[in-house]
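**Q** Residue numbers (my numbering): 125 to 603.
Ideal Cβ placement from N, Cα and C applies to all residues, glycine included.
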Ligand code: SF4
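#1: Spatial neighbours of residue 378 within its chain, please: CB distance less than 7 Å, with the 5 preceding and 5 following residues excluded, ordered by chain position.
#2: Does the pairing of the region 506 to 513 with the region 158 to 173 give three or more beta-carbon distances under 8 Å?
#3: Would you mind reading off the limits of the alpha helix (DSSP H) that contains residue 589?
#4: With a threshold of 7 Å on Cβ separation, who are the neighbours of residue 247 within its own chain once the five nearest residues in sequence on each side are excluded?
#5: Spell out the partners DSSP gives residue 197 in its beta bridges.
#6: Roughly how many angstroms lie between the CA atoms of residue 287 and residue 583, to the nearest whole one?
#7: Quick one: what does DSSP say residue 388 is sitting in, helix, strand or coil?
#8: Do residue 455 and ligand 1 come close, with the Cβ less than 7 Å from some heavy atom?
#9: Give me the DSSP bridge partner(s) of residue 208.
#10: Between the C-alpha atoms of residue 562 and residue 241, what's the straight-line distance to the nearest angstrom?
#11: Let me know the secondary structure DSSP gives residue 315 once reduced to three states.
#12: Looking at the secondary structure, which residues open and close the alpha helix (DSSP H) in which residue 484 lies?
#13: Assuming residue 205 and residue 369 form a contact by the criterion Cβ under 8 Å, report the distance between their Cβ atoms to the nearest whole angstrom.
#14: Please report the residue range of the beta strand (DSSP E) in which residue 460 lies.
#15: Residues in its own chain within less than 6 Å of residue 140 by CB, not counting five upstream and five downstream?
#16: Less than 8 Å separating the beta-carbons of residue 221 and residue 263?
#17: Can you tell which of 490, 209, 195, 544 has the C-alpha that lies nearest to the C-alpha of residue 397?
#18: Identify whether residue 168 lies in helix, strand or coil by the three-state DSSP scheme.
#19: Taking the alpha-carbon positions, what's the residue 404 to residue 269 distance?
#20: I'd like to know whether the C-beta atoms of residue 235 and residue 461 end up nearer to each other than 8 Å.
#21: To the nearest angstrom, how far is it from the Cα of residue 434 to the Cα of residue 367?
#22: Might you give, ordered along the chain, the residues of its own chain that have their beta carbon closer than 6 Å to the beta carbon of residue 429, omitting 5 neighbours on each side?
#23: Measure how close the beta-carbons of residue 228 and residue 463 come, nearest whole angstrom, since I'm counting them as under 8 Å.
#24: Looking only at C-alpha atoms, which of 441, 155, 131, 385 sits nearest to residue 586?
#25: Can you find at least 3 beta carbon pairs, one from the region 414 to 421 and one from the region 125 to 141, that sit closer than 8 Å?
#26: Comparing the CB of residue 434 with every heavy atom of ligand 1, is any distance shorter than 7 Å?
#27: Would you give the residue range spanned by the alpha helix (DSSP H) that residue 552 belongs to?
#28: May I have the straight-line CA-CA distance separating residue 233 from residue 330, to the nearest angstrom?
#29: So what does residue 478 bridge to, in DSSP terms?
#30: Using DSSP with H/G/I as helix, E/B as strand and the rest coil, what is residue 310?
#31: How long is the line joining the alpha carbons of residue 602 and residue 249, rounded to whole angstroms?
#32: Does residue 255 pass the burial test, meaning 16 or more other C-beta atoms within 10 Å, or should it be called exposed?
#33: Jot down the residue ranges of each uninterrupted alpha helix (DSSP H) in the region 238 to 289, minimum 4 residues, whole runs only, in chain order.
#34: Under a three-way DSSP split, which group does residue 511 fall into?
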């Protein structure tokens with residue numbers, strides 16, 4: 125039980141109020157009746173996209189900027205974490221990874237020739253997965269050689285890599301860190317997830333707390349900006365343990381801390397074990413109320429220690445420390461070129477996603493095709509909703525950006541919805557921006573869903589109360 129001896133009473137009181145706000149927003153219809161969480165990562169929402177042929181994907185495409193974000197996907201993982209909803213590849217040999225790298229290199233050439241460029245002018249880069257560092261140092265060197273040779277880095281603002289602590293340890297870990305640093309990587313997002321060995325075991329992670337602490341200090345020692353991620357609300361996380369873990373994160377003195385709410389509902393083609401383990405919350409060990417309370421307590425502790433939310437879920441002491449890649453494509457709506465299995469390419473008016481099937485991926489590349497499986501050219505309606513929901517999810521919308529991309533004013537298209545959010549203390553507006561309030565930031569995913577077309581909402585109509593913020597009511601655009 126959290127009490128005032130463990131946590132500052134103001135933090136406890138604010139957390140209590142946030143739980144009250146959560147219920148108020150359920151009553152207002154913004155949040156589904158059960159309070160279930162579904163993250164808003166892109167629009168159209170990441171469920172199943174329609175099939176898209178590689179041949180037609182770029183028809184009529186007109187480039188509008190000379191640089192783009194770049195994402196490279198490495199699908200390999202050592203184990204399947206119980207909370208993970210991504211289709212990763214397990215049990216691969218060194219040889220399998222070499223084959224993947226061969227195809228990744230070819231895919232880059234195929235895509236770049238379709239885009240008509242000999243090098244990609246990168247704005248921000250993210251290596252993600254899977255586990256991008258689950259390749260040998262020699263393979264990593266080989267990857268960076270062919271990858272950086274195809275990049276023009278003159279306009280690049282940040283080069284990030286996601287990693288698990290385990291792969292930064294020992295001699296090989298140090299080698300990987302050196303190779304990444306020499307290649308220009310400056311920010312590491314380390315998937316710590318929990319500072320508790322029993323919880324890490326329940327998560328089926330392949331590292332322990334001591335590994336995480338060693339990996340963080342190695343990465344800091346070698347000059348990387350370090351981001352660490354914690355999952356809030358994992359079954360078994362008692363309030364006292366959660367507070368201990370947040371305090372441990374603070375003691376690490378990293379540049380950024382991300383607090384994720386546990387995702388139980390699947391998002392794409394793969395359903396994580398967490399869904400069946402907890403039977404869609406039929407047997408929850410931590411209620412949604414408790415998740416909200418614990419997340420609010422964490423935010424209070426972070427703020428008390430000088431960390432502030434610079435982007436939705438990202439807390440840092442310095443405003444400049446956050447994921448530029450996420451901010452660029454999600455907030456700024458800049459183009460993103462994705463390479464690798466299951467990666468996404470997001471362009472101003474269209475998007476595609478590569479196949480999640482390794483055999484299909486290889487076959488497409490061997491026949492000289494981009495390995496696209498699904499995607500769409502956005503309709504006008506999707507374009508309008510994407511360009512308000514994603515920047516707001518990221519924290520704010522620059523009105524000029526919306527006008528430049530859509531040719532319309534956000535107020536003219538979504539005036540009633542904007543006013544409703546303002547009336548409920550979730551949004552504020554000035555001449556240039558629409559910005560989420562502190563309360564709005566806490567429920568940024570649900571606010572993004574407030575702008576979704578009903579066909580793309582993650583929950584059915586009867587899952588919401590009939591309040592003024594029900595996303596099914598008045599969903600039509602006004603322009
Ligand atoms: S969470 Fe990361 S490391 Fe774990 S299975 Fe998913 S992609 Fe792999």
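**A** On the basis of the coordinates in this document:
#1: 340, 350, 351, 352
#2: yes
#3: Careful: residue 589 lies outside any alpha helix (DSSP H) and carries neither H nor E.
#4: 191, 192, 193, 279, 280, 281, 452, 458
#5: 252
#6: 32 Å
#7: coil
#8: no
#9: BP columns for residue 208 are empty, so no partner.
#10: 42 Å
#11: strand
#12: 482 to 490
#13: Actually they are not in contact, since the Cβ atoms of residue 205 and residue 369 sit about 17 Å apart, beyond 8 Å.
#14: 460 to 463
#15: none
#16: yes
#17: 209
#18: coil
#19: Caution is warranted here: a pLDDT of 49 is assigned to residue 404, below 50, making its placement in the model unreliable, and the coordinate value is therefore given only provisionally. Answer to the nearest angstrom: the Cα atoms are 44 Å apart.
#20: yes
#21: 22 Å
#22: 374
#23: 6 Å
#24: 155
#25: yes
#26: no
#27: Premise fails: residue 552 lies in the beta strand (DSSP E), 551 to 553, not in any alpha helix (DSSP H).
#28: 35 Å
#29: 496
#30: coil
#31: 37 Å
#32: buried
#33: 261 to 273
#34: helix
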